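Q:
Residue numbers (the numbering used here): 2 to 999.
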């Protein structure tokens with residue numbers, strides 16, 4: 002060894018002389034290190050290895066290519082292969098030209114791309130590859146996907162989030178998608194996964210990048226991710242050897258110290274590497290770490306330690322793949338010596354590729370000098386360069402093809418990305434406390450729920466999704482006492498802790514935030530939901546006052562949506578904690594929660610639908626608006642209990658001042674029949690108070706001894722009773738000038754005139770009696786044939802109110818809406834909602850002579866004070882979908898059985914189809930011939946209804962599809978129904994069925 006040391010000293014003196022003579026720039030005096038390494042690396046192929054034997058073997062043809070390329074190279078080209086230079090697609094031509102020069106003059110072997118965009122990077126890759134005699138390696142840090150470095154690409158959840166997932170197939174799918182995207186962008190190396198076991202919560206640089214603190218769980222997930230990546234022909238790189246998990250220093254800023262014995266390192270930190278070598282890991286990145294138990298020289302970085310890189314990684318652990326240094330510009334190494342020395346030391350330590358080297362031209366001069374003095378032997382050079390060439394051959398770079406940039410953005414951002422992310426968060430989000438089974442929230446009818454935000458990041462998706470399940474009041478006040486006063490009426494307070502989802506941003510609880518959480522928990526029934534790294538819980542020392550504790554890991558939109566689903570039971574909790582939180586919670590803690598059959602949210606692909614085809618709905622909706630068939634539209638599609646499409650189009654009116662929102666409520670017209678009246682009638686049927694053969698005379702005594710007394714219930718609800726289609730009740734209330742008569746109306750509310758049907762217009766309270774008398778006296782057809790009639794449901798309203806002693810608007814709220822969470826559905830919405838949430842229905846020029854906004858459009862229902870059995874409900878698409886899902890689940894929603902399966906089946910039967918009547922009992926059904934309410938593609942078991950104002954709600958048990966269409970097509974005038982003539986609703990339904998993946 003003495004001779005080697007003398008040789009190295011001589012080399013450094015010689016190189017220093019040459020470098021200062023040849024280089025015009027000033028060079029600091031190098032720190033001379035007597036590196037205790039041999040001048041060549043032994044042939045490690047003869048060492049025992051736990052690698053999969055075939056991983057690094059080539060075919061005869063491949064070996065011939067490697068040998069021929071190597072033999073044709075000059076020394077500059079061989080040395081250039083060792084350098085992988087940093088490139089940025091967001092920089093200017095000066096940078097691009099500098100890379101060109103390195104390729105042409107220094108023959109570099111690869112590029113690691115950092116910040117930029119995918120199309121720009123693809124164009125630069127093509128440019129640089131075209132200038133390189135030997136195709137370049139292209140690498141990228143893509144720990145959570147390309148988005149770690151590139152804009153306009155998809156970001157997958159952090160490794161810490163994946164660490165909570167128990168299904169390894171999902172993590173393998175993440176790797177496969179990452180690999181597929183890397184391949185599309187011409188990348189061969191993904192510098193992932195991170196194998197660091199994060200046993201130190203204060204680790205400033207690893208943390209969320211780790212799968213957790215348990216070596217077995219980290220390894221299991223790293224293997225799954227690696228398998229996915231490498232299944233796409235992309236090389237995975239495990240990092241940061243020998244282990245960066247228990248440090249408190251960022252190696253980008255300094256040299257972290259790992260004070261563990263070699264035995265401990267072998268048992269814990271090395272564990273994932275050993276297992277992954279056996280599973281076929283392609284490459285390893287060596288970190289810049291001070292590990293005294295592995296390297297005797299004080300503060301000597303592991304990345305340039307022969308003992309670490311060669312003796313341990315290659316000999317002891319038997320790794321045969323490519324070995325990369327971590328970036329050589331990082332302070333953990335760059336402050337150790339001048340760049341050219343670092344590059345040389347890293348190579349002599351046993352690394353194959355020098356990542357992010359600085360001053361490559363000078364480094365190559367140093368390498369050439371070392372080669373000329375035999376400090377770098379030909380055998381050493383062959384060992385790394387041929388290994389590099391083997392990997393280039395395996396990557397297909399022997400026949401490189403330029404990246405096709407057309408459609409690149411769309412392919413990198415395909416719907417499959419979000420589809421997988423929904424699955425990931427559904428499996429990751431973790432429940433740590435569930436005192437008195439506060440989760441999921443049940444019995445909505447007895448709940449009063451508030452939401453309080455803590456943190457400085459967005460919460461829009463969380464709050465909007467919570468509001469789709471229940472009436473949520475957002476409460477805020479900077480004064481805690483005032484805040485608590487506001488919270489007093491509430492039974493449950495959901496506290497959301499929202500911190501930035503930007504990588505490396507601090508998510509720690511501030512002292513005032515911690516105090517606020519403790520205060521709220523002590524004084525309220527609190528569900529705390531953490532949209533941040535689980536370590537943010539560390540400052541909370543006592544969780545006794547927190548009833549429900551949910552860790553959602555990140556503050557992404559999907560995390561917020563899925564977390565709201567979990568709180569209300571649309572999904573069950575599956576996640577397990579990947580790290581411990583003080584002594585309160587241990588690794589693998591995580592409670593399961595009950596799944597309630599409430600509507601959830603996901604992407605179309607997760608329920609077997611094609612989102613690209615489904616997006617055609619957008620064009621049809623815009624077509625309707627552009628052609629003035631309706632000023633605004635809401636469309637919702639659900640399948641298998643999951644909402645997969647919910648969009649709002651257009652404006653409240655054609656003046657385009659107020660955009661339609663998902664939360665806006667429409668006059669749904671005849672959908673009232675199946676949203677309000679029919680469910681209450683079904684309850685009566687379920688309680689055996691009526692049956693299919695019950696006569697109208699028995700149901701309502703007022704019909705005894707009339708021409709309608711013998712109408713059977715089944716006939717009545719199938720529109721097969723011979724009733725007239727309708728009666729223009731309003732005509733009898735008009736004066737000679739065709740305005741509302743003072744006999745029936747008042748301009749201000751009075752004791753006997755309190756039912757409002759418009760601005761400054763009130764009808765007499767007993768007008769319902771007049772309506773019923775007119776119905777009783779109306780003609781009845783003796784011929785048995787189908788004739789749609791609104792009178793059926795006006796009769797049923799009268800029946801329900803007389804039988805139960807309650808008004809229909811109270812009945813529907815008590816029996817259904819409160820417990821279903823249909824908080825946006827009501828008769829007479831102006832009593833509850835702001836007018837700006839209600840698109841106007843019509844400019845009435847024939848009776849009320851005003852804009853109808855918040856007042857029912859149907860005049861017969863208006864004369865009932867806005868509450869009738871056939872019309873009057875205002876709702877939004879989400880609420881309508883809940884009722885349709887209840888029907889689809891045959892009377893069950895939220896694990897509450899409202900009526901029996903038999904009752905639903907009886908009502909969803911077409912009893913008179915043989916006679917040409919398609920109707921079920923209360924439900925409309927698909928057409929029997931060419932024309933009807935559907936696209937003709939829905940099954941015959943499907944059911945629903947349409948409405949005069951341009952509405953439709955339809956459900957299909959065979960495909961498990963719910964479709965809701967709401968509009969105000971009657972605005973400003975209802976005279977021409979272009980929406981119906983153009984079959985917009987039906988065409989949208991056809992798109993939905995076409996989107997089913999066969």
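We treat Cβ as the ideally placed atom computed from N, Cα and C, and that holds for glycine. Model, not experiment: these values are computed from the prediction.
1. DSSP state of residue 195, grouped into three classes?
2. Buried or exposed: where does residue 44 fall if 16 or more other Cβ atoms within 10 Å of its Cβ makes it buried?
3. Along the beta strand (DSSP E) that carries residue 757, what are the first and last residues, could you check?
4. State the beta-bridge partners of residue 968 as determined by DSSP.
5. The alpha helix (DSSP H) that contains residue 610, what's its start and end?
6. How many Å lie between residue 29 and residue 355 at the Cα?
7. Tell me the residue span of the alpha helix (DSSP H) that contains residue 791.
8. I'd like the list of long-range same chain contacts for residue 927, defined as Cβ closer than 8 Å, with 5 residues on each side in sequence excluded.
9. Report the residue ranges of all beta strand (DSSP E) runs contained in full by the stretch 322 to 347; include only those spanning at least 3 residues, in chain order.
10. What runs of the alpha helix (DSSP H), each 4 residues or longer, lie entirely inside the stretch 783 to 843?
11. Counting pairs of beta carbons, one from the stretch 234 to 252 and one from the stretch 260 to 274, are three or more of them closer than 8 Å?
12. Are three or more beta carbon pairs between the stretch 946 to 965 and the stretch 748 to 755 nearer than 8 Å?
13. Going by DSSP, what residue range makes up the alpha helix (DSSP H) through residue 763?
14. Would residue 622 and residue 648 be called neighbours here (beta carbons separated by less than 9 Å)?
15. Check the Cβ-Cβ distances between residue 896 and every residue of chain C, and say whether any is below 9 Å.
16. From residue 91 to residue 151, what distance separates their C-alpha atoms?
17. Span of the alpha helix (DSSP H) holding residue 506?
18. Could you please give the first and the last residue of the uninterrupted alpha helix (DSSP H) stretch that includes residue 69?
19. Identify whether residue 497 lies in helix, strand or coil by the three-state DSSP scheme.
20. Give the list of continuous beta strand (DSSP E) stretches no shorter than 3 residues that lie fully inside the stretch 114 to 143.
21. Which residues share a DSSP beta bridge with residue 751?
22. Report buried or exposed for residue 890, applying the criterion of at least 16 other Cβ atoms within 10 angstroms of its Cβ.
23. Given 8 Å as the limit, is there contact between the stretch 347 to 365 and the stretch 309 to 325, that is, 3 or more CB pairs closer than that?
24. Given a cut-off of 9 Å, decide if residue 643 and residue 602 are closer than it, judged by their beta-carbon atoms.
25. Do you know how far the Cα of residue 876 is from the Cα of residue 819?
26. Grouping DSSP H, G and I as helix and E and B as strand, with all else coil, what is residue 371?
27. For residue 546, which of helix, strand or coil comes out of DSSP?
28. Quick one: what's got a C-beta closer than 6 Å to residue 966's C-beta in the same chain, skipping five residues either side?
29. Looking only at C-alpha atoms, which of 610, 701, 673, 585 sits nearest to residue 802?
30. Decide if the stretch 877 to 896 is in contact with the stretch 414 to 430; the criterion is three or more beta carbon pairs, one per stretch, under 8 Å apart.
31. Count the other CB atoms, across all protein chains shown, that sit within 10 Å of the CB of residue 211; report buried if there are 16 or more and exposed otherwise.
32. Just checking, does the stretch 211 to 230 make contact with the stretch 162 to 172 on the three C-beta pairs under 8 Å criterion?
33. Kindly list the residues whose CB is nearer than 7 Å to the CB of residue 851, restricted to its own chain and excluding five residues on each side of it in sequence; keep chain order.
34. Based on DSSP bridge pairs, tell me the residues matched to residue 875.
35. Can you tell me where the alpha helix (DSSP H) with residue 388 in it begins and where it stops?
36. Distance check for residue 123 and residue 182, CA to CA, integer angstroms please.
A: In brief:
1. To locate residue 195, count along the chain shown from 1; it is residue 194. Residue 195: strand per DSSP, three-state reduction.
2. Counting from one through the chain shown, the residue named residue 44 turns up at place 43. With a pLDDT of 40 at residue 44, under the threshold of 50, the predicted position of this residue should be treated as unreliable, and no value is reported.
3. Start at 1 with the first residue of the chain shown, and residue 757 comes out as number 756. Per DSSP, the continuous beta strand (DSSP E) segment holding residue 757 begins and ends at 756 to 759.
4. Mapped onto the chain shown, residue 968 falls at position 967. Residue pairing by DSSP puts residue 968 in a beta bridge opposite 634.
5. Numbered from its first residue, the chain shown carries residue 610 at position 609. It is not in any alpha helix (DSSP H) - residue 610 carries neither H nor E in the DSSP assignment.
6. To locate residue 29, count along the chain shown from 1; it is residue 28. To locate residue 355, count along the chain shown from 1; it is residue 354. Summary for residue 29: the model assigns pLDDT 36, below 50, so the residue's position carries little reliability, and this model does not support an answer.
7. Mapped onto the chain shown, residue 791 falls at position 790. No alpha helix (DSSP H) holds residue 791; DSSP gives it neither H nor E.
8. Taking the chain shown and counting its residues from 1, one reaches residue 927 at position 926. Excluding residues within five positions, the ones whose Cβ falls inside 8 Å are 919, 933, 934, 935, 937, 939, 940, 941, 943.
9. Positions of the beta strand (DSSP E) runs, each at least 3 residues long and wholly inside the stretch 322 to 347, are given as 323 to 326 in order along the chain.
10. You should have 792 to 805, 809 to 813.
11. Segments in contact, yes.
12. Fewer than three beta-carbon pairs drawn from the stretch 946 to 965 and the stretch 748 to 755 are found closer than 8 Å, and the two stretches are therefore not classed as touching.
13. Numbered from 1 along the chain shown, position 762 holds the residue referred to as residue 763. Going by DSSP, residue 763 is part of no alpha helix (DSSP H) but of the beta strand (DSSP E) stretching over 762 to 764.
14. In the chain shown, counting from the first residue as 1, residue 622 sits at position 621. In the chain shown, counting from the first residue as 1, residue 648 sits at position 647. Against a cut-off of 9 Å, the Cβ pair of residue 648 and residue 622 comes out as a contact.
15. Looking for chain C here will not work: only one protein chain is present.
16. Here residue 91 refers to the residue found at position 90 when the chain shown is read from its first residue. Here residue 151 refers to the residue found at position 150 when the chain shown is read from its first residue. If you take the alpha carbons of residue 91 and residue 151, they lie about 9 Å apart.
17. Within the chain shown, residue 506 is the residue found at index 505, counting from 1. For residue 506, no alpha helix (DSSP H) segment is defined, and its DSSP state is neither H nor E.
18. In the chain shown, the residue the question calls residue 69 occupies position 68. 61 to 73 is the span of the alpha helix (DSSP H), which, as asked, contains residue 69.
19. Here residue 497 refers to the residue found at position 496 of the chain shown. Three-state DSSP puts residue 497 in a strand.
20. Segments of the beta strand (DSSP E) lying fully in the stretch 114 to 143: 138 to 141.
21. Locating residue 751 in the chain shown gives position 750, counting from the first residue. Looking at the DSSP assignment, residue 751 forms a beta bridge with 754.
22. The residue labelled residue 890 in the question sits at position 889 within the chain shown. A residue is called buried once 16 or more other Cβ atoms fall within 10 Å of its Cβ, and residue 890 is buried on that count.
23. They touch, by the three-pair rule.
24. As a working mapping, residue 602 is identified with position 601 in the chain shown. As a working mapping, residue 643 is identified with position 642 in the chain shown. Contact: yes.
25. Sequence index remark: in the chain shown, residue 819 carries index 818 (1-based). Sequence index remark: in the chain shown, residue 876 carries index 875 (1-based). Distance between the alpha carbons of residue 819 and residue 876: 14 Å.
26. Position 370 of the chain shown, counted from the first residue, corresponds to residue 371. Helix at residue 371.
27. Locating residue 546 in the chain shown gives position 545, where the first residue counts as 1. Residue 546 falls in the coil class under three-state DSSP.
28. Against the chain shown, residue 966 aligns to sequence position 965. Cβ within range, chain order: 636, 953, 986.
29. Here residue 802 is taken as the residue at index 801 of the chain shown, counted from 1. Minimum Cα distance to residue 802 is reached at 701.
30. No contact exists between the stretch 877 to 896 and the stretch 414 to 430.
31. Counting from 1 along the chain shown, the entry for residue 211 is found at position 210. Classified as buried, residue 211 has 16 or more neighbouring CB atoms from the shown chains inside 10 Å of its CB.
32. Counting C-beta pairs closer than 8 Å gives three or more between the stretch 211 to 230 and the stretch 162 to 172, which meets the contact rule.
33. Locating residue 851 in the chain shown gives position 850, counting from the first residue. Taken in chain order, the residues that qualify are 759, 760, 845.
34. Taking the chain shown and counting its residues from 1, the one referred to as residue 875 is at position 874. For residue 875, which the question treats as bridged, DSSP gives the partners 668, 827.
35. Position 387 of the chain shown, counted from the first residue, corresponds to residue 388. Here the alpha helix (DSSP H) through residue 388 covers 379 to 395.
36. The residue given as residue 182 occupies position 181 in the chain shown. The residue given as residue 123 occupies position 122 in the chain shown. Rounded to the nearest angstrom, the gap between the Cα atoms of residue 182 and residue 123 is 12 Å.
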